[in-house]
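Undergrad: First residue of the sequence shown? That's 63 in my numbering, and the numbers climb one at a time after it.
Ideal Cβ positions, reconstructed from N, Cα and C, are used throughout, including at glycine.
Note that this is a predicted model, so its numbers are computed, not measured.
There's a structure below that I have some questions on.
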Amino acid sequence: MLPTSEFHTYKPAILSLPADRPLTKEDLLTGDFLMKRSGRLAMYYAPHNEFVRPPKS
Numbered sequence: 063m064l065p066t067s068e069f070h071t072y073k074p075a076i077l078s079l080p081a082d083r084p085l086t087k088e089d090l091l092t093g094d095f096l097m098k099r100s101g102r103l104a105m106y107y108a109p110h111n112e113f114v115r116p117p118k119s
């Protein structure tokens, strides 16, 4: 199985985050970043170990 990037799915939510202050849990643990919920367990998107390649010219 090849790893996939979810960055493009969450890019609009990332761009809507405030850039003028440090981010808080309240900023990030929202429905915009929720990937999956099962009972009390919730998984949120975090863009670690991902990079976006610039388009080829």
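For Tyr-72, which of helix, strand or coil comes out of DSSP?
TA: helix
Undergrad: Any idea what DSSP makes of Lys-98, helix, strand or coil?
TA: strand
Undergrad: So, helix, strand or coil for Leu-85, using DSSP?
TA: coil
Undergrad: According to DSSP, is Leu-91 helix, strand or coil?
TA: coil
Undergrad: I'd like the list of long-range same chain contacts for Leu-90, defined as Cβ closer than 6 Å, with 5 residues on each side in sequence excluded.
TA: none
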